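A quick write-up on the structure given underneath.
Numbering (our numbering), first residue to last: 18 to 742.
Put into structure tokens, the structure is as follows:
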């Protein structure tokens, strides 16, 4: 969705709620709000979230925060209002008012100060827990465990966990929202932990699920259990109803306001129903790669289009034991925010508690925000210029698994994602339920990393994409199952792949190899063996699907079967080579199709084998069959994203080069140099080139419709901007 289309269509679903309530979900185009009613949505570019703790009133300095907001040019504020604790003089019975507030209005003072600075206000609620007085008055509002026990809070045993799908959210929190809107008139309400925790067995959930399905609640979360699947669908519908009720009430108080849920279990629905969205993916933990923030942004962008997407990031350490008053080092903060910004998110730092202990993070955030403010016009993107899309599948995540070779299925996507980052190819994500010609028209290549569950309609859409000149790279069990996870007798895309399923998946393959047939090179396949010229074989994948070709294929890569790896005297191949292909390449009209029967993408992620990475890159480059819109040469790991704005074009370069790349936090930022070649949009005239984050105007060469520029130093994030006329 381009920005002009967003302005036309924003507010559709919310307008429908305001007119007709939940039933309007069936027809989200009931009403179009005028652009003047929704202009604020696209305004704020730099957000600040202050998450109060109960003792903040009387202990923190609100003017300290107002001055900081002003310094960093924050134009949006996300402030805690109510739910577990009310930070204003609430009049609603059982809505717990901070014990430290006295006669003051903690929230009111900060809201007034932010508005005086021209900031837009979102107010935060948290309905997931309550105190003993609520339990005493309404025990039916409390979540129940599978063994029939009322659920105590896991982190604070003085609190009780609420049921998200019953009257506490539908009735009580609707009153809270109304009071907040009446008193403060914010731009909207953002709700944290609103969607519940695990299966609830309270009397309301038992009755409502039985009425809807005729079944008892499932005893455990098992995605392959039919009853659990029905519960998951029912839960999603109930959450839609909560969203609808809250949104309608909020808009009744202020037509331009929005309810924004913190997360929703269906990204397509999120894209349709949200006019803006806060992505709460705060920081790295464990082995999370630094590009994960960009990946989350890409997934949401695939359904939201260019509606405003705000990325909440933590200044603290996000590990298992949740040190919420901790501080990340500058390098870690800067890389995480750079990944979000490069992928189209607007930053929103979150600080837990207004009474600040450790201020070391503040300078890093200030420098980031000041740089983004100075270059704001170059961050108001109107379109992504990526020509490659990686398909991701929520229905595969829900309906696929159970067999040994289907474990860790998310590693297929992570492996392909990481490979494209290393390959420096600008790319976007594509939701598998948005595969219409309109959705796909800007892409030359789609990559399907084991998108196992596809409907017949989706398979036809992918066939149409290739018929229209598009190319596809696909791996492993892609299309072997329908949308419900039921196995087909053959691939749904068998005619496109040119192979049929041979009724077996082999693995784990111990000591098996891929034979690189250097003698099989031809004009079509010579790129496939690039960088692998000096070896006759590389390690095989961990699992492979057995297939039978139904068309004629080249044979650049074939199977060397498993042979013993012990005792050492027996470590030699029993079969020197075979004619079994492990890569199938086809030219289909103007498009190209590559099918890899092995789990090459997952194996690459799990092993990080250099040869696997090189082979994946070669297959992708062969299938793309065109130069990328931005080519980046030089050392290091650089994530590349390319955007168009009203009067400019930008290439974001995020420097991920670091020995701590796969285990945080970054200790320091290691600068690299790069040469960038950028294809200028047809009909555009380049009037200048800037390096935005280092504030330089470099020399550049314009030749043959390409701009070539040397970037002398990329520390964390550099943005090459082409001014266009």
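Glycine is no exception: its CB is placed at the ideal position from the N, C-alpha and C atoms.
Values in this document were obtained by computation on a predicted structure and should not be read as measured data.
Considering only the beta carbon of each residue, do residue 703 and residue 724 sit closer than 7 angstroms? The Cβ atoms of residue 703 and residue 724 sit closer than 7 angstroms to each other.
Please name the residue in 718, 714, 524 whose C-alpha comes closest to that of residue 694. 718
Relative to the alpha-carbon of residue 419, which residue among 168, 678, 270, 502 has its alpha-carbon at the smallest distance? Just measuring C-alpha positions, the residue of 168, 678, 270, 502 sitting nearest residue 419 is 502.
State the Cα-Cα distance for the pair residue 523 and residue 318, rounded to the nearest angstrom. 36 angstroms
Any C-beta of chain C sitting closer than 7 angstroms to the C-beta of residue 223? Absent here is chain C; the protein component of the structure consists of one chain.
Same chain only: Cβ atoms within 6 angstroms of residue 727, ignoring 5 sequence neighbours per side: 692
Which partner residues of residue 365 appear in the DSSP bridge assignment? 64, 329
Specify the secondary structure class of residue 352 as computed by DSSP and reduced to three states. helix
Should the segment 180–189 be regarded as contacting the segment 155–164, the criterion being three or more beta carbon pairs within less than 8 angstroms? yes
Residue 530 - containing beta strand (DSSP E), residue span: 530–533
Closest to residue 304 by CA distance: which of 707, 716, 623, 739 is it? Nearest of 707, 716, 623, 739 to residue 304, Cα basis: 623.
Do three or more CB pairs link the segment 81–97 to the segment 379–391 at distances below 8 angstroms? yes
Distance check for residue 260 and residue 210, CA to CA, integer angstroms please. Answer to the nearest angstrom: the Cα atoms are 13 angstroms apart.
Classification of residue 633 by the beta-carbon crowding that lies within 10 angstroms, buried from 16 upward: buried
Considering only their Cβ atoms, is the gap separating residue 203 from residue 140 smaller than 7 angstroms? Yes, they are a contact pair.
Measuring only the C-alpha atoms, how far is residue 597 from residue 431? One C-alpha to the other measures close to 27 angstroms.
Here's the rule I'm using: 16 or more other beta-carbon atoms within 10 Å means buried, otherwise exposed. How should residue 32 be labelled? Bear in mind that the predicted position of residue 32 carries a pLDDT of just 30, short of 50, making it unreliable; the figure below should be weighed with that in mind. When all chains shown are included, residue 32 counts as buried.
Could you tell me whether the segment 590–608 touches the segment 566–577, where touching means 3 or more Cβ pairs closer than 8 angstroms? yes
Bridge partners of residue 276, per DSSP? 206
Nearest-angstrom Cβ-Cβ length linking residue 70 and residue 369, presumed shorter than 8 angstroms: 7 angstroms
Residue closest to residue 481, alpha-carbon to alpha-carbon, out of 377, 498, 460, 500: 460
Hey, how far is the Cα of residue 228 from the Cα of residue 403? 47 angstroms
Are the beta-carbon atoms belonging to residue 295 and residue 329 less than 7 angstroms from one another? yes
8 angstroms CB neighbourhood of residue 242 in its chain, flanking five on each side removed: 235
In the structure shown, what three-state DSSP assignment does residue 406 receive? In this structure, residue 406 counts as strand in the three-state DSSP scheme.
Closest by CA to residue 548, which one among 352, 75, 117, 631? Looking from the CA of residue 548, the closest CA among 352, 75, 117, 631 belongs to 631.
Per-residue burial, residue 749 [other beta carbons within 10 Å of its own, 16 or more giving buried]: The structure shown has nothing for residue 749, since the chain only spans 18 to 742.
Does the segment 371–380 come close enough to the segment 698–713 that 3 or more CB-CB pairs lie under 8 angstroms? no
Whole-angstrom C-beta distance between residue 559 and residue 626, which should lie under 8 angstroms: Residue 626 to residue 559, Cβ: 11 angstroms. No contact.
Measure the alpha-carbon distance for residue 43 versus residue 287 and round it to whole angstroms. The predicted position of residue 43 is uncertain, since its pLDDT is 30 and thus under 50; a value taken from the coordinates is nonetheless stated next. Rounded to whole angstroms, residue 43 to residue 287 spans 14 angstroms at the Cα level.
Rounded to whole angstroms, what's the CA-CA distance from residue 733 to residue 161? Just pull it up for me. The straight-line gap from Cα to Cα measures roughly 47 angstroms.
Is it the case that the Cβ atoms of residue 640 and residue 490 are separated by a distance below 7 angstroms? yes
For residue 81, count neighbouring C-beta atoms within 10 Å of its own C-beta (all shown protein chains included) and say buried if the count is 16 or more, exposed if not. exposed
Taking the continuous alpha helix (DSSP H) assigned at residue 750, which residues delimit it? With the chain covering only 18 through 742, there is no way to say anything about residue 750.
Residue 735 burial status per 10 Å Cβ neighbour count (16 or more: buried): buried
Terminal residues of the continuous alpha helix (DSSP H) containing residue 470? Segment: none, residue 470 is in no alpha helix (DSSP H) and carries neither H nor E.
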